[in-house]
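In terms of this note's numbering, the sequence shown opens at residue 201 and continues consecutively. What follows is one structure encoded as structure tokens, with my remarks underneath.
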Amino acid sequence: MASTSRMQAEAAHQNQVICGFRLQAEEFETSMPSDVVAIYPGSFDPLTNGHVDIIQRGSRLFDRIIVGVLLNLEKSPLFTVPERVAIARDVFKPWHNVEVDTFDGLLVDFAHKKHATVIVRGLRAVSDFEFELQMALMNRRLRPEVETVFMMPAEPYTYVSSRLVKEVVALGGSVHGLVPDVVEGRLREKKLARETLRA
Ligand SMILES: Nc1ncnc2c1ncn2[C@@H]1O[C@H](COP(=O)(O)OP(=O)(O)OP(=O)(O)O)[C@@H](O)[C@H]1O
Ligand SMILES: [Mg+2]
């Protein structure tokens, strides 16, 4: 008798645990956002094919990816923020799940505002790693619900940076194939405008 009631009690307890778990799972499911939104932050001065490669990978992994152009990062950028936004919007126009926006302040606050749970960052070489690790861990401390995801670009873009692209163009070299065509054209215009000013 005693063992039967103990078995019943155990069964009831098990049921409670299972029901409790089911309830938690249901709550979890309903609290999960239906779309996974990712933010890809940067200065994009200018957008390179390395950036485009990472955004393309992100657009396959996430429901939406928001390219976040950081405001006021550099004192003397080559392209203004509206120019950088316009270029990115033009390049990603055919991609239905890529958006372009600007942000200021903490990246995790921008992510929160946009209902994004992922921050995408690109890793080119070991030299990127230390700074990226620090940023990812600080962002996790600030908002643990936002996860940083690192992605590697295709090999031809592992050495491409906006800074290097600007330097090469300023010194008269070609960056064909390393930046979108629209960026190549805009870089040429900027160079011409600067040369005309100096003349
Ligand atoms: N060629 C690339 N391949 C992969 N990730 C990249 C590449 N270029 C930039 N990224 C990543 O894109 C994000 C935004 O970078 P950012 O706007 O600083 O570009 P950048 O090329 O590093 O520019 P800058 O030379 O001005 O620092 C960062 O996570 C950076 O590591
Ligand atoms: Mg950089």
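Glycine included, each C-beta is placed from N, C-alpha and C at the ideal position.
I need the straight-line Cα distance from residue i to residue j, nearest angstrom please.
| i | j | result |
| --- | --- | --- |
| D309 | V237 | 14 Å |
| V375 | R341 | 39 Å |
| E395 | R343 | 47 Å |
| A288 | L247 | 7 Å |
| N339 | F303 | 16 Å |
| P353 | L270 | 21 Å |
| V368 | E330 | 26 Å |
| E347 | V318 | 5 Å |
| A370 | K391 | 7 Å |
| E345 | K313 | 13 Å |
| L387 | K366 | 8 Å |
| G199 | A399 | The requested residue 199 is not part of the displayed model; the chain covers only 201 to 399. |
| P356 | Q256 | 15 Å |
| S234 | I265 | 14 Å |
Give the secondary structure of residue i by DSSP, where H, G and I count as helix, E and B as strand, and everything else as coil.
| i | result |
| --- | --- |
| V300 | strand |
| Y359 | coil |
| E345 | coil |
| M352 | coil |
| G373 | coil |
| V236 | coil |
| P241 | strand |
| L270 | strand |
| F221 | Low confidence applies here, because F221 scores a pLDDT of 49, under 50, leaving its location unreliable and the question unanswered by this model. |
| M201 | Low local confidence applies: a pLDDT of 46 at M201 is under 50, so the model's placement there is unreliable, with the coordinate-based value given in what follows. M201: coil per DSSP, three-state reduction. |
For residue i, is the beta carbon positioned less than 6 Å from some heavy atom of ligand 1?
| i | result |
| --- | --- |
| S276 | no |
| I266 | no |
| P344 | no |
| G377 | no |
| S259 | no |
| S327 | no |
Secondary structure, alpha helix (DSSP H): runs of 4+ residues fully inside the segment 300 to 334 | Qualifying alpha helix (DSSP H) stretches, in chain order: 307 to 313.
Count the CB pairs spanning the segment 373 to 389 and the segment 240 to 259 that are closer than 8 Å, and state whether there are at least three.
-> Contact between the segment 373 to 389 and the segment 240 to 259 is present: 3 or more CB-CB pairs across the two stretches fall below 8 Å.
Taking one C-beta from the segment 249 to 261 and one from the segment 276 to 285 each time, how about it: are there three or more such pairs within less than 8 Å?
-> No: fewer than three Cβ pairs fall under 8 Å.
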